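Engineer: Numbering of the sequence shown is given in the working numbering, commencing with residue 28 and proceeding in unit increments.
Sharing a structure below in structure tokens format, with a few things to ask.
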Amino acid sequence: QVQLVESGGGLVQPGGSLRLSCAASGFTFTNYAIRWYRQAPGKERELVATITNTGSSTNYADSVKGRFTISRDYAKNTVYLQMNSLNPEDTAVYYCSLRMASRNYWGQGTQVTVSS
């Protein structure tokens, strides 16, 4: 079955960096785009970044453009989200997601807290 397992969240000071990982299994990794979303308390889930199945194209929300980088490692079936210059507005639970056969699959999420 499809599994997406996020890791790498934590508490970081403003201006700091974190790298999130999304370990994928149960499907053909090379066939699907993967997305990172985030959800802050009291807010709707927001699309943060997308990487195509080949990794040749990426897209970012305006709020993270220039600070976040999405990438994928085909040997490890893992998608990463490198987050730099973090600020308190980036505090949220971060989820990776896959859309397959008209269904969205989600991981359990990883908490990122940016605070001094």
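Backbone N, C-alpha and C define an ideal beta-carbon position, used for all residues, glycine too.
The structure presented is a predicted model; accordingly, all values stated were derived computationally and were not measured.
1. Taking 7 Å as the cut-off, is the C-beta of G136 nearer than that to any heavy atom in the ligand MN?
2. To the nearest angstrom, report how far apart W63 and S143 are at their CA atoms.
3. For D117, count neighbouring Cβ atoms within 10 angstroms of its own Cβ and tell me buried if that reaches 16, exposed if not.
4. Would you report the Cα separation of G36 and V139, rounded to the nearest angstrom?
5. Could you give the C-beta distance for Y101 and T57, rounded to a whole number, given that I count them as a contact under 8 Å?
Structural biologist: Reading off the structure:
1. The ligand MN is not part of this structure, which contains no ligands at all.
2. 25 Å
3. buried
4. 5 Å
5. Correct: roughly 6 Å between the Cβ atoms.
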